[in-house]
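Protein chains: 2
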Amino acid sequence: MTDVEAPRPKYAQIAEMLRSRIKRGDYPPGSNLPSEDHLARELGVSRVTVNRAVSVLRAAGDVTVKRGSGTVVRSLPKIVRDAEARYAARDEGTGAGEVEARKLNLRPRTDYLEIGQTAAPAEVAQALDIAEGQPVLVRRRVLYANDEPTQMADSYYPWELVKDSAELLQPEAGVGGSLTRLAELGYPPVRFAEDIDVRLPTPEEHQVLQIEATQPVFRIWRVTYSHDRRPIEICDHVMPGHLWTLHYGWRDEASNTRRDQ
Amino acid sequence: MTDVEAPRPKYAQIAEMLRSRIKRGDYPPGSNLPSEDHLARELGVSRVTVNRAVSVLRAAGDVTVKRGSGTVVRSLPKIVRDAEARYAARDEGTGAGEVEARKLNLRPRTDYLEIGQTAAPAEVAQALDIAEGQPVLVRRRVLYANDEPTQMADSYYPWELVKDSAELLQPEAGVGGSLTRLAELGYPPVRFAEDIDVRLPTPEEHQVLQIEATQPVFRIWRVTYSHDRRPIEICDHVMPGHLWTLHYGWRDEASNTRRDQ
Numbered sequence: 001m002t003d004v005e006a007p008r009p010k011y012a013q014i015a016e017m018l019r020s021r022i023k024r025g026d027y028p029p030g031s032n033l034p035s036e037d038h039l040a041r042e043l044g045v046s047r048v049t050v051n052r053a054v055s056v057l058r059a060a061g062d063v064t065v066k067r068g069s070g071t072v073v074r075s076l077p078k079i080v081r082d083a084e085a086r087y088a089a090r091d092e093g094t095g096a097g098e099v100e101a102r103k104l105n106l107r108p109r110t111d112y113l114e115i116g117q118t119a120a121p122a123e124v125a126q127a128l129d130i131a132e133g134q135p136v137l138v139r140r141r142v143l144y145a146n147d148e149p150t151q152m153a154d155s156y157y158p159w160e161l162v163k164d165s166a167e168l169l170q171p172e173a174g175v176g177g178s179l180t181r182l183a184e185l186g187y188p189p190v191r192f193a194e195d196i197d198v199r200l201p202t203p204e205e206h207q208v209l210q211i212e213a214t215q216p217v218f219r220i221w222r223v224t225y226s227h228d229r230r231p232i233e234i235c236d237h238v239m240p241g242h243l244w245t246l247h248y249g250w251r252d253e254a255s256n257t258r259r260d261q
Numbered sequence: 001m002t003d004v005e006a007p008r009p010k011y012a013q014i015a016e017m018l019r020s021r022i023k024r025g026d027y028p029p030g031s032n033l034p035s036e037d038h039l040a041r042e043l044g045v046s047r048v049t050v051n052r053a054v055s056v057l058r059a060a061g062d063v064t065v066k067r068g069s070g071t072v073v074r075s076l077p078k079i080v081r082d083a084e085a086r087y088a089a090r091d092e093g094t095g096a097g098e099v100e101a102r103k104l105n106l107r108p109r110t111d112y113l114e115i116g117q118t119a120a121p122a123e124v125a126q127a128l129d130i131a132e133g134q135p136v137l138v139r140r141r142v143l144y145a146n147d148e149p150t151q152m153a154d155s156y157y158p159w160e161l162v163k164d165s166a167e168l169l170q171p172e173a174g175v176g177g178s179l180t181r182l183a184e185l186g187y188p189p190v191r192f193a194e195d196i197d198v199r200l201p202t203p204e205e206h207q208v209l210q211i212e213a214t215q216p217v218f219r220i221w222r223v224t225y226s227h228d229r230r231p232i233e234i235c236d237h238v239m240p241g242h243l244w245t246l247h248y249g250w251r252d253e254a255s256n257t258r259r260d261q
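Chains as they are written, first to last, in the UniProt record's numbering: chain A, 1 to 261; chain B, 1 to 261.
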């Protein structure tokens, strides 16, 4: 048995109390937190303690400090990303990128940073099973919900596969999104694999995603395979950790095997 | 198009250089980083800059500061957690908890903090579809690889289901682990669902997992279902983010549907 007791410092208790007030709706989404002076007086603690407590909330993404408007309660709800469901949804005509925002009645928007031919970076080339520097189509974009950035996503396709698809070379990839285009080109997606890491944002991500340098991001690296295990798409996603819950579901393989016997 | 250029501060460049030296093996796993004074002289920058660079590596989990032994390079490799494969492995007699460590030839160890009856916390009760406070079996443990903590895992089972299983009430749950015991009790696992969040560690996690208060953790909440969508197990995992890559794979449902037609 290990001793797992740890003292609970004052600022952590205050942070917990402010968080439960936010959850309860005392400080609604998009509203300002009371000033630190006000909170210090109300709670009978020092301003330094309140300041440390607010730092905890900032680091956790519960509040954001906006220049000129003080400390603001996060306005986006936690977004659930259901890996399987989002691709299945393309049969209803929706690209995967905006599925989650629509489900929550948030207003989705996609800004395209780059669409065109580029030389495959080492990691992409390896995953696509082509030589480094071979031409690929890159589609770099930033997704928003209610004008708040929710993810950066860079997709890569082997150039030979997609060079004749006018739709993949323009921002709107058409009904059902890029996966539907790949199917039309003779490469239907058959299997997906995602690797998830967590890390601190790079300076670029920190700026584009409007998060603190201390707020962790999810990095999801997806490979889409067609028949014969052929990789047809890489997607490299970077998402503010506090905004997302990632959901995966699967049937038990051991019990499947037994059923088949 | 958005302007995504950002200046790259000196300390970030130094952090990147130190990281590539670690990757190259100049500073091998478990060894000490040269002193900050030494690095400042070698690289021709101020000690303050080196100190900020080392802070970046600490936050990313590349190095740990150990009292009395200076700044030490992380000794565990990145561990891949393949969700589907780890449960399938139980047919070979291995419980899921130690699969990844064994695969990397690391020495696994499990410390049990608590095994016994408890009142179901609200979140657990809801997921198990029982009333809050109803009795559940809890199995709380900390997993290690080469004596370094890699995860905390708390599993919960409806008491009525497991009360007659002597093995589930003791540390070693027997060949194939707890899921094999549930199958023997008439509740084979049929489907798994995992929700992944990222957040900063609580004081307890920070202490047990031996990580910095600023290092994000993965929180994986798994529900295991038997036939008739009956929830039979909850597992609440907390894992240092820098140690793990989470892997999920699945077949495309839209293409499955089309195949079935």
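Beta carbons are placed, not taken as given, at the ideal position from N, Cα and C, and that holds for glycine.
At the level of alpha carbons, what is the spacing between residue i and residue j?
{"i": "residue 138 of chain A", "j": "residue 164 of chain A", "result": "15 Å"}
{"i": "residue 19 of chain B", "j": "residue 62 of chain B", "result": "8 Å"}
{"i": "residue 49 of chain B", "j": "residue 11 of chain B", "result": "5 Å"}
{"i": "residue 114 of chain B", "j": "residue 135 of chain B", "result": "15 Å"}
{"i": "residue 149 of chain B", "j": "residue 31 of chain B", "result": "19 Å"}
{"i": "residue 246 of chain A", "j": "residue 221 of chain B", "result": "10 Å"}
{"i": "residue 249 of chain A", "j": "residue 42 of chain B", "result": "51 Å"}
{"i": "residue 204 of chain A", "j": "residue 141 of chain A", "result": "13 Å"}
{"i": "residue 168 of chain B", "j": "residue 88 of chain A", "result": "38 Å"}
{"i": "residue 201 of chain A", "j": "residue 185 of chain B", "result": "47 Å"}
{"i": "residue 131 of chain A", "j": "residue 170 of chain A", "result": "25 Å"}
{"i": "residue 244 of chain B", "j": "residue 123 of chain B", "result": "25 Å"}
{"i": "residue 69 of chain A", "j": "residue 209 of chain B", "result": "38 Å"}
{"i": "residue 154 of chain B", "j": "residue 16 of chain A", "result": "22 Å"}
{"i": "residue 21 of chain B", "j": "residue 81 of chain B", "result": "26 Å"}
{"i": "residue 177 of chain A", "j": "residue 96 of chain A", "result": "7 Å"}
{"i": "residue 13 of chain A", "j": "residue 60 of chain A", "result": "15 Å"}
List the residues of chain B whose Cβ lies closer than 7 Å to the Cβ of residue i, in chain order.
{"i": "residue 252 of chain A", "result": "87, 189, 190, 191 and 192"}
{"i": "residue 8 of chain A", "result": "203"}
Please name the residue or residues paired with residue i in a DSSP beta bridge.
{"i": "residue 177 of chain B", "result": "Paired residue(s): none; residue 177 of chain B is not in a bridge."}
{"i": "residue 151 of chain B", "result": "B:143"}
{"i": "residue 193 of chain B", "result": "A:249 and B:223"}
{"i": "residue 228 of chain A", "result": "In the DSSP output, where bridge partners are listed per residue, residue 228 of chain A has none listed."}
{"i": "residue 37 of chain A", "result": "For residue 37 of chain A, which the question treats as bridged, DSSP gives no partner whatsoever."}
{"i": "residue 70 of chain A", "result": "A:66"}
{"i": "residue 135 of chain A", "result": "A:119"}
{"i": "residue 79 of chain B", "result": "B:244"}
Which same chain residues, not among the five before or five after residue i, have their C-beta less than 7 Å away from its C-beta?
{"i": "residue 129 of chain B", "result": "231"}
{"i": "residue 104 of chain A", "result": "77 and 79"}
{"i": "residue 216 of chain A", "result": "198, 199, 200 and 241"}
So what does DSSP say about residue i, is it helix, strand or coil?
{"i": "residue 120 of chain B", "result": "coil"}
{"i": "residue 208 of chain A", "result": "helix"}
{"i": "residue 128 of chain B", "result": "helix"}
{"i": "residue 203 of chain A", "result": "helix"}
{"i": "residue 214 of chain A", "result": "coil"}
{"i": "residue 50 of chain A", "result": "helix"}
{"i": "residue 238 of chain A", "result": "strand"}
{"i": "residue 113 of chain B", "result": "strand"}
{"i": "residue 162 of chain A", "result": "helix"}
{"i": "residue 99 of chain B", "result": "helix"}
Can you pull the chain A residues whose beta carbon is under 7 Å from the beta carbon of residue i, in chain order?
{"i": "residue 109 of chain B", "result": "Within chain A, no residue comes near residue 109 of chain B; the closest Cβ sits about 12 Å away, beyond 7 Å."}
{"i": "residue 216 of chain B", "result": "198, 216 and 241"}
{"i": "residue 59 of chain B", "result": "200"}
Which same chain residues, not among the five before or five after residue i, have their C-beta less than 6 Å away from its C-beta?
{"i": "residue 4 of chain B", "result": "With a pLDDT of only 45 at residue 4 of chain B, under 50, the local geometry of the prediction cannot be trusted, and no value is derived from it."}
{"i": "residue 166 of chain A", "result": "none"}
{"i": "residue 101 of chain B", "result": "108 and 145"}
Less than 8 Å between C-beta atoms, sequence neighbours within five positions excluded: which residues of the same chain meet that for residue i?
{"i": "residue 133 of chain B", "result": "119, 120 and 125"}
{"i": "residue 190 of chain A", "result": "225, 226 and 227"}
{"i": "residue 251 of chain A", "result": "none"}
What in chain B is Cβ-close to residue i, meaning under 9 Å?
{"i": "residue 12 of chain A", "result": "202 and 203"}
What residues from chain A crowd round residue i, counting only those whose CB sits closer than 9 Å?
{"i": "residue 195 of chain B", "result": "80, 245, 246, 247 and 248"}
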